[in-house]
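Using this note's numbering, read the sequence shown as starting at 1 and increasing by one per residue. One structure is given here, and the rest of the page talks about it.
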Amino acid sequence: MLGTNVASAQQSWNIKRAGTSAEVLTKIVSSGNIDALSTGAIDVEPPDGPMPETAYQEITLKSGSNATITSVKTRCSELGLSSPAKDFLESEPDLVCTGRYNGESVSVYAKISCESNCKLMIETRAIGF
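Below is the structure:
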């Protein structure tokens, strides 16, 4: 009996509608003043039980300045998302912003990695309860 109730509860954890993570990612990248040389495709992994829908994109940058992350944070704020609490940053240093968007819980992660080229890796997660 308990197993049935748990399974039923987990089904309700799924995202309310597909696409929020990709929508947030697209809005951040398209108007986030990111100085990109090239932009990769958005990969979306659908929700699975209690796991959120996840959208990921890799962007090759003209330079690897911290202004890119600042730009992502600014765009997050414009979308109504907030900076995470300091205790979250200790365990998730790439977490840029969190909040509610279209009635769903959204988290945005971003980091820059520079080897031969500088790349911005940006990931958004959305889940509805």
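Backbone N, C-alpha and C fix where the C-beta goes; we use that ideal spot for every residue, glycine too.
| Item | Value |
| --- | --- |
| Figure out for me which residue from Thr70, Gly40, Tyr101, Pro93 has the closest Cα to the Cα of alanine 126. | Tyr101 |
| Ignoring anything shorter than 3 residues or poking outside the segment 66-119, list the beta strand (DSSP E) runs there in chain order. | 95-101, 104-114 |
| Where do the ends of the beta strand (DSSP E) carrying serine 38 lie? | 36-39 |
| Can leucine 79 and lysine 111 be called in contact, C-beta distance under 8 Å? | no |
| Quick one, which of Ser116, Cys118, Glu104, Phe129 has its alpha-carbon nearest glycine 19's? | Glu104 |
| If we call anything under 8 Å between Cβ atoms a contact, is serine 107 one with leucine 120? | no |
| Looking only at its own chain, which residues have a Cβ that is under 6 Å from the Cβ of asparagine 14, when we skip the five neighbours before and after it? | For asparagine 14, the predicted structure reports a pLDDT of 40, less than 50, and the residue's modelled location is therefore unreliable. The matter cannot be settled from this model. |
| Beta-carbon within less than 7 Å of alanine 22's beta-carbon, same chain only, minus the 5 sequence neighbours each way: which residues are those? | Ile42, Val44, Ala55 |
| By the 10 Å Cβ neighbour count, where 16 or more other Cβ atoms means buried, how is glycine 40 classified, buried or exposed? | exposed |
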